[in-house]
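A.B. asks:
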Amino acid sequence: MKILAMADVIRLKQIEHVKNEKNILQEIDHPFIVNMRWNSKDDCCLYMLFEFVSGGVLIYEMIVGYPPFYDDNPFGIYEKILSGKIEWSRHVDPIAKDLVKKLLVLDRTKRLGNMKNGAEDVKRHRWFKHLDWNVVIRKQLKPPIVPTYVFSSKEDDTSNFDDYPETDWKSVRSLDKIEMQLFEDF
1 MKILAMADVI RLKQIEHVKN EKNILQEIDH PFIVNMRWNS KDDCCLYMLF EFVSGGVLIY
61 EMIVGYPPFY DDNPFGIYEK ILSGKIEWSR HVDPIAKDLV KKLLVLDRTK RLGNMKNGAE
121 DVKRHRWFKH LDWNVVIRKQ LKPPIVPTYV FSSKEDDTSN FDDYPETDWK SVRSLDKIEM
181 QLFEDF
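Counted the way full-length UniProt numbering counts, the sequence shown spans residues 1 to 186.
#1: Based on the DSSP secondary-structure assignment, which residues constitute the bridge partners of W38?
#2: In chain order, what residues of the same chain lie with their CB nearer than 7 Å to the CB of I10, ignoring the 5 residues before and after it?
#3: Grab me the residues of D135's own chain with a C-beta within less than 7 Å of its C-beta, minus the 5 sequence neighbours each way, in chain order.
#4: Under the DSSP definition of a beta bridge, which residues are partnered with L4?
#5: Go through the segment 107–170 residue by residue and report every complete run of the alpha helix (DSSP H) that reaches 4 residues or more, in order.
#6: From E155 to N117, what does the alpha carbon distance come to, in whole angstroms?
#7: Quick one: does H130 have its CB under 8 Å from some CB of chain C?
#8: Pick helix, strand or coil for R11, following the three-state DSSP scheme.
#9: DSSP three-state label for G65, please.
#10: Within 8 Å, do at least three Cβ pairs link the segment 31–51 to the segment 62–81?
#11: Determine whether the beta carbon atoms of L175 and P74 lie at a separation below 8 Å.
#12: Locate the alpha helix (DSSP H) running through F75, then write down its first and last residues.
#13: Is the CB-CB distance between N125 and L106 below 8 Å?
#14: Is the segment 34–50 close to the segment 12–26, with three or more CB pairs under 8 Å?
#15: Just the C-alpha distance for S171 and E120, rounded to the nearest angstrom, thanks.
#16: State the start and end residues of the unbroken alpha helix (DSSP H) segment that holds L103.
#17: So what's V172 in DSSP terms, helix, strand or just coil?
#18: Assign L58 to one of three DSSP states: helix, strand, or coil.
Put into structure tokens, the structure is as follows:
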């Protein structure tokens with residue numbers, strides 16, 4: 001679930017960006033790309049439900065164990081993404097580092113996967129040299145770890161997930177009528 005305080009969206013001049021993000025994500029339907037499940041708004045926040053992770057961010061987090069851009073505030077994360085600065089642990093494999101850096105280039109026209117050969121550039125990167133892409137597309141790739149799931153009729157098994165404190169969204173201010181009109185088509 002992505003929750004954005006509309007006052008922050010306005011302050012950071014991201015209204016059109018957020019609307020475009022929602023519209024694009026609503027159109028996507030692919031087994032390996034994020035799919036938006038639901039979106040809504042109230043008088044202070046925008047809500048989008050989906051499983052969303054950039055390839056470069058996901059690879060970084062799998063290797064290092066934490067995200068490359070972190071802040072307590074979602075818009076602080078966004079500002080760090082825009083700065084493009086990533087801190088690297090010494091143990092990161094140089095080939096993996098090369099892939100992540102190329103996937104997280106700020107200029108979309110120079111980002112791996114967005115150039116002339118598109119996804120083929122990503123698939124041909126050295127980090128994937130032992131991967132059979134035909135096995136991937138047929139969903140026959142064997143995962144290195146298969147988590148256990150404990151079935152319970154009373155509640156879902158969340159034992160494979162970390163606990164996170166809830167954010168106090170009550171402190172987010174409500175918008176006035178004029179500001180709400182900016183999000184009328186969300």
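Each residue gets a CB set at the ideal place from its N, CA and C atoms; glycine is no exception.
C.D. replies: The answer reads as follows:
#1: L49
#2: E179, L182
#3: The question names Asp, but residue 135 is Val in the sequence shown. Taken in chain order, the residues that qualify are L141.
#4: L46
#5: 119–123, 133–137
#6: One C-alpha to the other measures close to 46 Å.
#7: The chain labelled as chain C is not found in the depicted structure, where only one protein chain is given.
#8: helix
#9: coil
#10: no
#11: The criterion of a C-beta distance shorter than 8 Å is not satisfied by L175 and P74.
#12: First-last of the alpha helix (DSSP H) with F75: 74–83.
#13: For the record, residue 125 in the displayed sequence is His; it is not Asn. No.
#14: yes
#15: 46 Å
#16: 94–103
#17: coil
#18: helix
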